[in-house]
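Visitor: One structure follows; several queries about it will come next.
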Amino acid sequence: MKFFIILVLVTVVFAATTPQKYKDAYELYKNKNYEESVILFNELINEDNDDFYSGNAYYWLGMIDYNSKKYQESVLKFLKVLTCKNEWKYADAMLKIANCYERLDMNDKAMIYYDEILKLKTKNEKLVSDQVLEIAKSKKGE
Numbered sequence: 579m580k581f582f583i584i585l586v587l588v589t590v591v592f593a594a595t596t597p598q599k600y601k602d603a604y605e606l607y608k609n610k611n612y613e614e615s616v617i618l619f620n621e622l623i624n625e626d627n628d629d630f631y632s633g634n635a636y637y638w639l640g641m642i643d644y645n646s647k648k649y650q651e652s653v654l655k656f657l658k659v660l661t662c663k664n665e666w667k668y669a670d671a672m673l674k675i676a677n678c679y680e681r682l683d684m685n686d687k688a689m690i691y692y693d694e695i696l697k698l699k700t701k702n703e704k705l706v707s708d709q710v711l712e713i714a715k716s717k718k719g720e
């Protein structure tokens with residue numbers, strides 16, 4: 579019960595501190611209104627002095643390119659995620675980079691990012707979800 583209460587409190591605090599521009603941009607993304615979403619995510623990146631939400635914004639910009647099959651552009655956005663403070667998106671970004679490289683028929687490069695996911699899990703197991711870990715392991719043949 580204590581865990582549940584703490585989880586709810588953390589969720590409420592996080593939701594309360596999330597910038598409205600990020601919420602709006604993500605809502606536009608979910609509704610596939612990519613053009614307006616891109617504008618807001620880019621504005622957020624330019625305004626995000628502490629660099630926390632920039633990582634998330636770059637991730638969703640990468641997803642917009644990925645969904646549009648612009649894999650090289652997508653890789654560039656996902657690589658930007660890895661330069662931001664928010665490490666919680668690192669594993670997801672690495673997975674998407676690997677996916678992009680596979681789609682570009684650059685499997686050697688994809689394997690580098692599957693390896694990076696495994697290294698990240700060793701560094702901090704909380705940063706890599708079980709689902710992402712299983713995908714990386716299966717791609718590595720483990």
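Under the working numbering, read the sequence shown as residues 579 to 720, first letter to last. Just so it is clear, CB atoms sit at the ideal spot from N, CA and C, and this is done for glycine as well.
For a test of the three-state rule: what should DSSP assign to N624, helix, strand or coil?
Guide: By 1-based counting over the sequence shown, the position of residue 624 is 46. Residue state, collapsed to three classes: helix.
Visitor: Below 8 angstroms, can you find three or more Cβ-Cβ pairs linking the stretch 649 to 656 to the stretch 622 to 639?
Guide: Taking 8 angstroms as the limit for Cβ pairs, the verdict is that the stretch 622 to 639 does touch the stretch 649 to 656.
Visitor: Tell me where the alpha helix (DSSP H) around E605 begins and ends.
Guide: On the sequence shown, residue 605 is found 27 positions in, with the first residue counted as 1. Taken as a continuous stretch (DSSP letters only), the alpha helix (DSSP H) holding E605 covers 598 to 608.
Visitor: Quick one: residues in its chain with C-beta nearer than 6 angstroms to the C-beta of A676, no 5 flanking neighbours on either side, listed in chain order?
Guide: By 1-based counting over the sequence shown, the position of residue 676 is 98. A688, Y691, Y692.
Visitor: Measuring only the C-alpha atoms, how far is N620 from K701?
Guide: Looking up residue 620 in the sequence shown gives position 42. Looking up residue 701 in the sequence shown gives position 123. The straight-line gap from Cα to Cα measures roughly 30 angstroms.
Visitor: Within 10 Å of its beta-carbon, does N624 have 16 or more other beta-carbons around it, so buried, or fewer, so exposed?
Guide: Residue numbering aside, residue 624 sits at position 46 when the sequence shown is read from its first letter. Exposed, since its Cβ has fewer than 16 Cβ neighbours within 10 Å.
Visitor: Select from K667, Y679, S632, A603 the residue whose C-alpha is nearest the C-alpha of S615.
Guide: For the purposes of this step, residue 615 is taken as residue 37 along the sequence shown, with counting starting at 1. Ranking K667, Y679, S632, A603 by Cα distance to S615 puts A603 first.
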